[in-house]
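Colleague: Protein chains in written order, with my numbering: chain A, 13 to 293; chain B, 33 to 200. Backbone N, C-alpha and C fix where the C-beta goes; we use that ideal spot for every residue, glycine too.
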């Protein structure tokens, strides 16, 4: 009898916990970031981020060591590829100088201005999401630094992502490699616009491109400015592969991101899309 | 009280390690699921009721402190803790492979369940193949960590067990 009562008590306990979990899921799903759970989430971010920052400073070299160990094989191949690419680029240098002059003339003719930069604030990456289903990072810049929701985040090599959660001194950034991320982009050669989505560890994918558009691997991809979140002209990556598909309604293009997300340490948050510097001569 | 505080400290430590050290040390692109490992270990040592309670607490901790959709991990780990605790009562084996096998199986099934619930809520941005790959790699990662962490957790349980008082 006592054993039966204990079993029944355990079952009731589990049912209670399951109901509590379902209620939490429902409240979070319906109220979103503005609800009580969203507020608790932001408070939690403020509490745990300083601790994460301290631990990450100590353990980052260990993580980098293991990451580099796994990349030794691919590094040799990448080294050979880069050497070959360097030789090719040196040969094209003369042609490039001629093209640069031509581009300058075209720019003057069309009235284009060089974009020198935006108003930004720097931030360090203090942690990466532990989840296997979301690609995001936490940075040490928040509302007190002028950061707000949906602000673009960039690094030296290009676009990183956008701010999706803000606390007073920390923010969460959704990376462009996350499948839930969408960025309006433009192909450099054809100026054709498309929609870039993340595929986690695989290359990024551009969709909604006219199948007749000529695209070659190695072509630069930048943000288009369409959608209003990301200003135009920010480098995103290079075309890595074009999927040949006869009769398709759109072209499938894969893009290798310019940013190495496994080594991201410092980023810039774009506070304003307005050009802050005078055009270069 | 002392036991509860010890397990709470274990869960908090695992949360911090999950979001810092183990966020960078990946196996084939997948990260370990330390909360699953601890929940399964707790359920094996303490039983289904304790497994469910601490699974719920660990899941809520992970969801809130690590900015994930709230409640899904808590639901998953509650069920994992209860089921593993129940199964453990019917398996009598001193084999050291038992915890490894249970952790691996529970992690794989738990991650798949999490993905299924996230999919139902429209919060899963990946396909089924990626989900399956992640579940298997996380299970493998947890299985590798189990021989290192399970003895530590069992030691914590033994050290915090209430001492029997014999009255004459």
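By a C-beta neighbour count over all protein chains shown, 10 Å radius and 16 as the cutoff for buried, is residue 206 of chain A buried or exposed?
Modeller: Taking the first chain and counting its residues from 1, the one referred to as residue 206 of chain A is at position 194. Residue 206 of chain A should be labelled buried.
Colleague: Does the segment 178-198 of chain A come into contact with the segment 153-168 of chain A, if we say contact requires no fewer than three beta-carbon pairs (one atom in each stretch) closer than 8 angstroms?
Modeller: yes
Colleague: Looking only at its chain, what residues have a beta carbon closer than 7 angstroms to the beta carbon of residue 118 of chain A, apart from the 5 residues adjacent to it on each side?
Modeller: Against the first chain, residue 118 of chain A aligns to sequence position 106. Below a pLDDT of 50, predicted positions are generally treated as unreliable, and residue 118 of chain A, at 43, falls in that range; no measurement from the model is reported.
Colleague: In its own chain, which residues sit with a C-beta less than 8 angstroms from the C-beta of residue 187 of chain A, not counting the 5 before and 5 after it?
Modeller: Translated into the one-based positions of the first chain, residue 187 of chain A becomes position 175. The residues are 147, 148, 149, 172, 173, 193, 210 and 273.
Colleague: Can you look up residue 170 of chain A in the DSSP assignment and give me helix, strand or coil?
Modeller: Taking the first residue of the first chain as 1, we reach residue 170 of chain A at position 158. Looking at residue 170 of chain A - three-state DSSP - the assignment turns out to be strand.
Colleague: Cα-Cα, which of B:165, B:64, B:106 and B:78 is closest to residue 35 of chain A?
Modeller: For this step, residue 35 of chain A is matched to residue 23 along the first chain. Between residue 35 of chain A and the set B:165, B:64, B:106 and B:78, the nearest pair of CA atoms involves B:106.
Colleague: Looking at the structure shown, is residue 232 of chain A part of a helix, part of a strand, or coil, going by DSSP?
Modeller: Indexing the first chain from 1 puts residue 232 of chain A at position 220. Here residue 232 of chain A sits in strand by DSSP.
Colleague: In chain A, what lies closer than 8 angstroms to residue 54 of chain B by C-beta?
Modeller: Residue 54 of chain B sits at position 22 when you count from the first residue of the second chain. What residue 54 of chain B touches in chain A: 142.
Colleague: For residue 39 of chain A and residue 156 of chain B, what's the separation of their Cα atoms in angstroms?
Modeller: For the purposes of this step, residue 39 of chain A is identified with residue 27 of the first chain, where counting begins at 1. For the purposes of this step, residue 156 of chain B is identified with residue 124 of the second chain, where counting begins at 1. Between residue 39 of chain A and residue 156 of chain B, the C-alpha separation is close to 18 angstroms.
Colleague: Within the same chain, show all residues whose beta-carbon is closer than 8 angstroms to that of residue 54 of chain B, passing over the 5 residues directly before and after it, in chain order.
Modeller: Position 22 of the second chain holds residue 54 of chain B. Excluding positions up to five away in sequence, the list reads 63, 64 and 66.
Colleague: Give the interface partners of residue 191 of chain A over in chain B, defined as CB-CB distance under 9 angstroms, in chain order.
Modeller: In the first chain, the residue the question calls residue 191 of chain A occupies position 179. Per Cβ cutoff of 9 angstroms: 156, 157, 158, 159 and 162.
Colleague: Who pairs with residue 150 of chain A in a beta bridge, going by DSSP?
Modeller: Indexing the first chain from 1 puts residue 150 of chain A at position 138. DSSP, once it has assigned bridges, lists A:139 and A:184 as partnering residue 150 of chain A.
Colleague: Does any C-beta atom of chain B lie closer than 8 angstroms to the C-beta of residue 67 of chain A?
Modeller: Residue 67 of chain A sits at position 55 when you count from the first residue of the first chain. Chain B, which has a Cβ nearer than 8 angstroms to the Cβ of residue 67 of chain A, makes this yes.
Colleague: Excluding sequence positions up to five away, which residues of its chain have a Cβ less than 7 angstroms from the Cβ of residue 153 of chain A?
Modeller: Sequence index remark: in the first chain, residue 153 of chain A carries index 141 (1-based). Excluding sequence neighbours, residue 153 of chain A sits near 133, 135, 159, 183 and 281.
Colleague: Assign residue 222 of chain A to buried or exposed, taking buried as 16 or more other Cβ atoms, counted over all protein chains shown, within 10 Å of its Cβ.
Modeller: As a position in the first chain, residue 222 of chain A is number 210, starting the count at 1. So residue 222 of chain A ends up on the exposed side.
Colleague: What separation, rounded to the nearest whole angstrom, lies between the Cα atoms of residue 193 of chain B and residue 74 of chain B?
Modeller: Against the second chain, residue 193 of chain B aligns to sequence position 161. Against the second chain, residue 74 of chain B aligns to sequence position 42. Straight-line spacing of the CA atoms in residue 193 of chain B and residue 74 of chain B works out to 13 angstroms.
Colleague: Quick one: give me the first and last residue of the alpha helix (DSSP H) that residue 262 of chain A is part of.
Modeller: By 1-based counting over the first chain, the position of residue 262 of chain A is 250. No alpha helix (DSSP H) contains residue 262 of chain A, which DSSP labels as neither H nor E.
Colleague: If you draw a straight line from the alpha carbon of residue 1 of chain A to that of residue 250 of chain A, how long is it in whole angstroms?
Modeller: The requested residue 1 of chain A does not occur in the structure, where chain A is confined to residues 13 to 293.
Colleague: Considering only heavy atoms of the ligand NAD, does any lie closer than 7 angstroms to the CB of residue 109 of chain B?
Modeller: This structure simply doesn't include the ligand NAD, nor any ligand for that matter.
Colleague: Nearest-angstrom Cα distance between residue 253 of chain A and residue 31 of chain A?
Modeller: Numbered from 1 along the first chain, position 241 holds the residue referred to as residue 253 of chain A. Numbered from 1 along the first chain, position 19 holds the residue referred to as residue 31 of chain A. Whole-angstrom Cα-Cα distance: 48 angstroms.
Colleague: What does residue 253 of chain A pair with, by DSSP beta-bridge criteria?
Modeller: Counted from its first residue, the first chain places residue 253 of chain A at position 241. Per DSSP, A:266.
Colleague: Grab me the residues of residue 141 of chain A's own chain with a C-beta within less than 6 angstroms of its C-beta, minus the 5 sequence neighbours each way, in chain order.
Modeller: Indexing the first chain from 1 puts residue 141 of chain A at position 129. If you ignore the 5 residues before and after residue 141 of chain A, its C-beta comes within less than 6 angstroms of the C-beta of 148, all in its own chain and listed in chain order.
Colleague: Mind listing, in chain order, the continuous alpha helix (DSSP H) runs of no fewer than 4 residues lying wholly within the segment 109-175 of chain B?
Modeller: Those alpha helix (DSSP H) runs which fall completely within the segment 109-175 of chain B and span 4+ residues are 129-152.
Colleague: By alpha-carbon positions, which one of A:232, A:157 and A:144 ends up nearest to residue 170 of chain A?
Modeller: In the first chain, counting from the first residue as 1, residue 170 of chain A sits at position 158. With distances taken between Cα atoms, residue 170 of chain A lies closest to A:232.
Colleague: Ordered along the chain, which non-local residues of its own chain (more than five positions away) have a Cβ less than 8 angstroms from that of residue 44 of chain B?
Modeller: Locating residue 44 of chain B in the second chain gives position 12, counting from the first residue. Cβ within range, chain order: 93.
Colleague: Could you say if the segment 123-135 of chain B and the segment 153-169 of chain B meet the contact criterion of at least three C-beta pairs nearer than 8 angstroms?
Modeller: no
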